[in-house]
Amino acid sequence: MALLEIENLTVTFETAAGPLRAVDGVSLAVSEGEVLAIVGESGSGKSVSMLAVMGLLPWTATVKADRMTFGGRDILSLSPAARRKIIGKDIAMIFQEPIASLNPCFTVGFQLEEALRQHMGLRGQAARRRAVELLEAVGIPDPEERLGHFPHQMSGGQCQRVMIAMAISCNPKLLIADEPTTALDVTIQKQILDLLMRLQAEQNMAMIMITHNMGVVAETADRVVVQYKGRKMEEADVLSLFEAPKHPYTKALLSALPDNATGDRLPTISDFAIDDTPYTGAGA
């Protein structure tokens, strides 16, 4: 049985111009120990889909699904209090902008220990020791000193490592990584991806990797969901997707990779040239 199952998820925002459907009938599942990548251009509904799972969308959003379960429990029917016991503990998320996601008014140590107090019942020195262990696990030097630092005193890569430490602090069963290497230089990107995959393997976590970087997909994923205009276009195991993509949008994404360029310029993806009918063959 899948750890997380989503069937026919729709997310609609109320705007001044009228309802805007950001996610339109997306279905996906991820099992324990599996890495699922969700790919697509900006605005395709990748992050919104996962924020709906986390219950972190604003009040202007209406979330509906035929089925949204985690460990067999219906997430959407849970009370806010019951959902809070799962979110941050069994399901954790690494957000796109680490510096913006950390509270600038509190130290790194306070923010790490807050999750440990809330979900693990740790207090005082026990929480501090665990916070130090977490910073050591994600490769931050001088972890005891760093606990007293504020986010602005750390680099973007270090803040991303702190976010990862917070996400894994309660040993989640599912980790959602939303563009975890955005705005980081290539060397730090590699370090962060290696760290995530090591932690995923050590803890046998399920992971959902949200990205538009097909190189990251090839390096990390077991299966891939391709989203376009809020809809799932195609789903396949990672080897099948790269070797024999079925949907025109998937083919266009892969043709835009630098390694696939045939001339001086990379091919562009024309919105008018893409068939947005989902592929419904095997594996979709």
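In full-length UniProt numbering, the protein residues as written are 1 to 284. Each residue gets a CB set at the ideal place from its N, CA and C atoms; glycine is no exception.
Complete alpha helix (DSSP H) runs within the segment 136-203 (minimum length 4 residues, chain order): 143-146, 156-168 and 186-203
Using alpha carbons as the reference points, say which of L3, R21 and R84 lies closest to S44. Counting from one through the sequence shown, the residue named residue 44 turns up at place 44. The shortest C-alpha separation from S44 is found at R21.
If you reduce the DSSP assignment to three classes, tell me which class K64 lands in. Counted from its first residue, the sequence shown places residue 64 at position 64. Residue state, collapsed to three classes: strand.
Short of 8 Å in beta carbon distance, which residues of its chain neighbour L102, apart from the five on each side in sequence? Order them along the chain. Locating residue 102 in the sequence shown gives position 102, counting from the first residue. Here the set comprises V108, Q111, P151, C159, V162 and M163.
Give the straight-line distance between the Cα atoms of T250 and N213, rounded to the nearest whole angstrom. By 1-based counting over the sequence shown, the position of residue 250 is 250. By 1-based counting over the sequence shown, the position of residue 213 is 213. Taking the straight line from one Cα to the other gives about 13 Å.
Three-way DSSP call (helix, strand, coil) for G18 in this model: Numbered from 1 along the sequence shown, position 18 holds the residue referred to as residue 18. Looking at G18 - three-state DSSP - the assignment turns out to be strand.
Anyone know if the C-beta pair for I38 and I192 falls short of 8 Å? Here the question's residue 38 lines up with position 38 in the sequence shown. Here the question's residue 192 lines up with position 192 in the sequence shown. No, they are not a contact pair.
Check whether the Cβ atoms of L36 and K232 lie closer than 8 Å to each other. Locating residue 36 in the sequence shown gives position 36, where the first residue counts as 1. Locating residue 232 in the sequence shown gives position 232, where the first residue counts as 1. The answer is no: Cβ separation not under 8 Å.
If you follow the beta strand (DSSP E) that M54 is part of, which residue opens it and which one closes it? Counting from one through the sequence shown, the residue named residue 54 turns up at place 54. Here M54 belongs to no beta strand (DSSP E); instead the alpha helix (DSSP H) covers K46 to M54.
Can you list, in chain order, the residues of its chain with a C-beta nearer than 7 Å to that of S31? Leave out the 5 residues immediately preceding and following it. Position 31 of the sequence shown, counting from 1, holds the residue named residue 31. Cβ within range, chain order: A2, L3 and A206.
Going by beta-carbon coordinates alone, are A100 and L134 separated by less than 8 Å? Taking the sequence shown and counting its residues from 1, the one referred to as residue 100 is at position 100. Taking the sequence shown and counting its residues from 1, the one referred to as residue 134 is at position 134. No, the Cβ-Cβ distance between A100 and L134 is not below 8 Å.
Mark A92 as exposed unless 16 or more other C-beta atoms lie within 10 angstroms of its C-beta, in which case mark it buried. In the sequence shown, the residue the question calls residue 92 occupies position 92. Classification of A92: buried, given that the 10 Å Cβ count is 16 or more.
8 Å contact criterion, which T10 and V23 should meet: CB distance rounded: In the sequence shown, the residue the question calls residue 10 occupies position 10. In the sequence shown, the residue the question calls residue 23 occupies position 23. Right, the Cβ-Cβ distance comes to about 6 Å (below 8 Å), so this counts as a contact.
Pick helix, strand or coil for Q125, following the three-state DSSP scheme. As a position in the sequence shown, residue 125 is number 125, starting the count at 1. Residue state, collapsed to three classes: helix.
Would you say R84 lies against chain D (beta-carbon separation less than 8 Å)? Absent here is chain D; the protein component of the structure consists of one chain.
Does the beta-carbon distance from R73 to E7 come in below 8 Å? By 1-based counting over the sequence shown, the position of residue 73 is 73. By 1-based counting over the sequence shown, the position of residue 7 is 7. Against a cut-off of 8 Å, the Cβ pair of E7 and R73 comes out as no contact.
Output the distance between the C-alpha atoms of G88 and V63, rounded to the nearest integer angstrom. Numbered from 1 along the sequence shown, position 88 holds the residue referred to as residue 88. Numbered from 1 along the sequence shown, position 63 holds the residue referred to as residue 63. G88 and V63: Cα-Cα distance of roughly 20 Å.
Residues in the same chain with beta-carbon distance under 6 Å from Q96, minus the five sequence neighbours each way, listed in chain order, please. Here residue 96 corresponds to residue number 96 of the sequence shown, with the count starting at 1. Excluding residues within five positions, the ones whose Cβ falls inside 6 Å are D178, E179 and T182.
Ignore the nearest five residues each way along the sequence and tell me which others in A81's own chain have a CB closer than 8 Å to its CB. Residue numbering aside, residue 81 sits at position 81 when the sequence shown is read from its first letter. Cβ within range, chain order: n/a, list empty.
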